[in-house]
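*Asks:* In this text, residue positions in the sequence shown follow this note's numbering: the first is 9, and each later residue adds one.
So that we are looking at the same thing, I have put the structure below in structure tokens.
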Amino acid sequence: MNKPDPATLAPAGTGATSAPLVDVEAGVERLMGNRPVYLRALARFRLDYRSAGAAIRTAIDTGNPALAQRLAHTLKGAAGLIEARSLHAAALALDDALRAALSQDSAAPAISPLFLRLDAELAHVLRELDTMTELAEAAVPAPRHARSDDTVGRLRALLDIGDGEAVDLVE
Numbered sequence: 009m010n011k012p013d014p015a016t017l018a019p020a021g022t023g024a025t026s027a028p029l030v031d032v033e034a035g036v037e038r039l040m041g042n043r044p045v046y047l048r049a050l051a052r053f054r055l056d057y058r059s060a061g062a063a064i065r066t067a068i069d070t071g072n073p074a075l076a077q078r079l080a081h082t083l084k085g086a087a088g089l090i091e092a093r094s095l096h097a098a099a100l101a102l103d104d105a106l107r108a109a110l111s112q113d114s115a116a117p118a119i120s121p122l123f124l125r126l127d128a129e130l131a132h133v134l135r136e137l138d139t140m141t142e143l144a145e146a147a148v149p150a151p152r153h154a155r156s157d158d159t160v161g162r163l164r165a166l167l168d169i170g171d172g173e174a175v176d177l178v179e
């Protein structure tokens, strides 16, 4: 199987001086060189996390830091899976701050600036994914259902669809 030209994965309108927000080659390497699975993971991320920022903001605004923390944690895993490093770092910072707030740590950092950073990074990553021409051809399969007590089956199903929750399951 021929590898596609890396230029087809580069976002339109980016010059050689701007680094991509998603490290495609590292992502493919993370998935043992399986480019089609990685592309499905990117396509799944683009679909599943488009409203993640709004969901986290709603959880914060409605006084549900536990939900906000869980959503930020899941986004962190998904961002790590697709090698979106700046988004991963922003989600990690918010996840840690929300966890500290939940534990009533008096030194918990302010949540709002961390959320704003995460929301901006997510928007940038989604814009980059929206411009990747090869993603238009990446079919996103429907998830296979696994029994709740079948951890390996659940992990396989999550990996099949490129769902970042697979990282959380392994952890």
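All C-beta atoms in this analysis are idealised placements derived from N, C-alpha and C, irrespective of residue type, glycine included.
It should be emphasised that the depicted structure is a prediction, and the values quoted were computed from it without experimental measurement.
Please report the straight-line C-alpha distance between Val32 and Ala131, rounded to a whole angstrom.
*Replies:* 18 Å
*Asks:* Thinking C-alpha only, which one of Tyr46, Leu39 and Gly61 is nearest Glu129?
*Replies:* Gly61
*Asks:* For Tyr57, which three-state DSSP category applies?
*Replies:* In this structure, Tyr57 counts as coil in the three-state DSSP scheme.
*Asks:* Please name the residue, chosen from Arg93, Ala97, Val133 and Ala74, that lies closest to Leu106 on a Cα-to-Cα basis.
*Replies:* Looking at the Cα atoms, Ala74 is the closest of the given residues.
*Asks:* Comparing alpha-carbon positions, which option in Tyr57, Leu143 and Ala76 lies nearest Ala108?
*Replies:* Ala76
*Asks:* Near Asp125, what residues of its chain come up, given a Cβ to Cβ distance below 6 Å and the 5 sequence neighbours on each side ignored?
*Replies:* Position check: residue 125 holds Arg in this sequence, whereas Asp was assumed. Result list for Arg125: Ala98, in chain order.
*Asks:* Look at Ala80 and Ile64 and say whether their C-beta atoms are less than 8 Å apart.
*Replies:* yes
*Asks:* Using the Cβ count rule (16 or more neighbours within 10 Å means buried), how would you classify Leu47?
*Replies:* With 16 or more Cβ atoms within 10 Å of its Cβ, Leu47 is classed as buried.
*Asks:* Are the Cβ atoms of Val30 and Leu39 separated by less than 8 Å?
*Replies:* no
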